[in-house]
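Residue numbers (the working numbering): 0 to 366. Every residue gets a Cβ at the ideal spot worked out from N, C-alpha and C, and that includes glycine. This one's a predicted model, so the numbers in the text were calculated from it and none came from an experiment. These notes are about the structure you will find just below.
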Amino acid sequence: MRLKSKFQFLCATVLSFSFLNGVEMQLPTKNLGKWLNTSNQAYAASSGGRSGGGSFSKSSSSSTSGSSSGSSRSSSPSNSTSSPTNSNRGNTGGRVKGGSFEKRSVPSNSNSSPSNYNTTTTTTIYSSSSTSSDELAFSWLAFWAVVGIAGVFFGVYFILAAIMKPNSSTSSSNEKLENDIVTVSKVQVALVAIARNIQSQLSDVAVNADTQTSEGLTELLQEAALALLRSPEYWSHVLAISQVVRSRKEAETIFNQFSVEERSKFNAETLAHVNGRVSRNTPISPNQDQDSAAYIVVTLLIGTENDKPLFDEILSPDALKQTLVHLAAIPSDHLLIFELLWSPQEETDSLTYDQLLTKYKDMIQIT
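Below, the structure written as structure tokens:
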């Protein structure tokens, strides 16, 4: 900002003198021989399905933290997703994850300033004795000349300042992206199992998702939100949390706690997509009892470049709809990390009402 002000000041000075270069002033000639010739020259030189990736570390360490996070995540499915021996229903899950909490580089909007200025000024003045009236006239002429020069200078300066003023919204957005304040959010929706097509939709999205780019991650979030938005009549329970965190390291810890808590509810991750690596496990066919209350739970974990919570408490279907629409509209440069989990992963499976109350006891009913 200080460099930009200096640049504006220098530009205003050069333009002012250039303007005045063509102005000729006729001085009184009575008993006075006086000529003022000023020339200025200035030169300037110039179980379920799982997919994930990312971390909360800054971009300067992206290659290190990304690779270590990726290796630990991608190996976890092979160690923890062995074929389940328990045939009880509702024990599989799906998971997709991508992105990181690394600080992204923000393009600089600063304008380059001239590196060198060489100014040469030559002034030649010829004067002779003058009467008091000539001196008075010359004084007034000099006064108005100074006023004119000052007016031209400040006029040029403020015009340049207005032209070079940065866009306030862009500046605010860049400041938001450059700090370490982030938001971690969790949205969990239970649906009655009549909406079984959502399981196959999420499985297809998980397999084909591009979790390695910010654009692909944004598309994954949009598809997950849209899958839920298309089945509002099946929503039964919800849990929503959005909190501002002052450091990326703390945000990563909170995000991982959310993730581990949800994954621990699966006996097996039968579909996982993490850091670009897809793994599958063949589930054991669940025992289908006569319980008419069957449910599917979808969880969205989101880390964003925001300094305010993404939403307030959700207590109604309308509030849930507004929140999902808002999440689907998050721009790619604000979305840091996203993880999608759903259980059961297989569309032939579902959670019983008792399982819903036991595993997802914090959810509240909205229908």
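Output the boundary residues of the alpha helix (DSSP H) element that contains residue i.
{"i": "Gln321", "result": "Pro316 to Ala327"}
{"i": "Glu268", "result": "Note, Glu268: premise wrong, no alpha helix (DSSP H); beta strand (DSSP E) at Ala267 to Val273."}
{"i": "Ser374", "result": "Residue 374 is absent from the structure shown; the chain starts at 0 and stops at 366."}
{"i": "Gln354", "result": "Tyr352 to Lys358"}
Pick from the options: whose alpha carbon is nearest that of residue i?
{"i": "Glu261", "options": "Glu101, Gly302, Leu326 and Gln187", "result": "Gln187"}
{"i": "Ser99", "options": "Thr351, Met362, Lys360 and Ile336", "result": "Ile336"}
{"i": "Ala271", "options": "Ala205, Glu312 and His333", "result": "Ala205"}
{"i": "Met362", "options": "Ala328, Leu319 and Val151", "result": "Leu319"}
{"i": "Thr298", "options": "Ser342, Arg195 and Leu135", "result": "Ser342"}
{"i": "Thr182", "options": "Leu228, Val324, Phe142 and Ile240", "result": "Ile240"}
{"i": "Ala389", "options": "Gln198, Pro308 and Ala293", "result": "Here the chain comprises residues numbered 0 to 366, so residue 389 is not present and cannot be evaluated."}
{"i": "Glu346", "options": "Ala144, Gln200, Ile148 and Val155", "result": "Gln200"}
{"i": "Gly302", "options": "Ile158, Asp311, Ser258 and Val151", "result": "Ser258"}
{"i": "Gln198", "options": "Gln344, Asp306 and Val145", "result": "Gln344"}
{"i": "Lys360", "options": "Thr269, Lys264 and His333", "result": "Lys264"}
{"i": "Gly97", "options": "Ala141, Ala208 and Ser246", "result": "Ala208"}
{"i": "His325", "options": "Leu228, Ala141 and Arg279", "result": "Leu228"}
{"i": "Ser349", "options": "Glu338, Glu251, Ala189 and Asp317", "result": "Ala189"}
{"i": "Ser246", "options": "Ser230, Asn178, Pro308 and Ile158", "result": "Asn178"}
{"i": "Lys358", "options": "Glu338, Ile295 and Ser278", "result": "Ile295"}
{"i": "Lys185", "options": "Phe310, Val277 and Thr269", "result": "Phe310"}
{"i": "Leu339", "options": "Gln354, Ala226 and Asn280", "result": "Ala226"}
{"i": "Asn90", "options": "Asn266, Arg276, Pro316 and Gly275", "result": "Asn266"}
Is it right to say residue i is buried, meaning 16 or more other beta carbons lie within 10 angstroms of its own, or is it exposed?
{"i": "Trp139", "result": "exposed"}
{"i": "Asp94", "result": "The sequence shown places Arg at residue 94, rather than the Asp named in the question. So Arg94 counts as buried."}
{"i": "Ala234", "result": "According to the sequence as given, residue 234 is Trp; it is not Ala. Classification for Trp234: buried."}
{"i": "Glu214", "result": "exposed"}
{"i": "Tyr352", "result": "exposed"}
{"i": "His236", "result": "buried"}
{"i": "Gln364", "result": "exposed"}
{"i": "Ala149", "result": "exposed"}
{"i": "Leu323", "result": "buried"}
{"i": "Gln242", "result": "exposed"}
{"i": "Val155", "result": "buried"}
{"i": "Leu35", "result": "For Leu35, the pLDDT reaches just 38, beneath the cut-off of 50, and the residue's location in the model is therefore unreliable, although a value from the coordinates is still provided. Result: exposed."}
{"i": "Lys102", "result": "buried"}
{"i": "Phe254", "result": "buried"}
{"i": "Lys307", "result": "exposed"}
{"i": "Ala194", "result": "buried"}
{"i": "Val273", "result": "buried"}
{"i": "Leu356", "result": "exposed"}
{"i": "Glu232", "result": "exposed"}
{"i": "Thr123", "result": "In this prediction, Thr123 has a pLDDT of 42, which is less than 50 and means its spatial position is unreliable; nothing more can be read from the coordinates."}
Quick one: give me the first and last residue of the beta strand (DSSP E) that residue i is part of.
{"i": "Leu190", "result": "Val181 to Val191"}
{"i": "Ile336", "result": "Leu334 to Ser342"}
{"i": "Ala205", "result": "Premise fails: Ala205 lies in the alpha helix (DSSP H), Asn196 to Asn207, not in any beta strand (DSSP E)."}
{"i": "Thr298", "result": "Ala293 to Thr303"}
{"i": "Thr91", "result": "Thr91 to Gly98"}
Note down, one range per segment and in chain order, each beta strand (DSSP E) of at least 3 residues found wholly within the stretch 226 to 252.
234 to 244
For the 8 Å Cβ check, are there 3 or more pairs between the stretch 209 to 225 and the stretch 322 to 331?
yes
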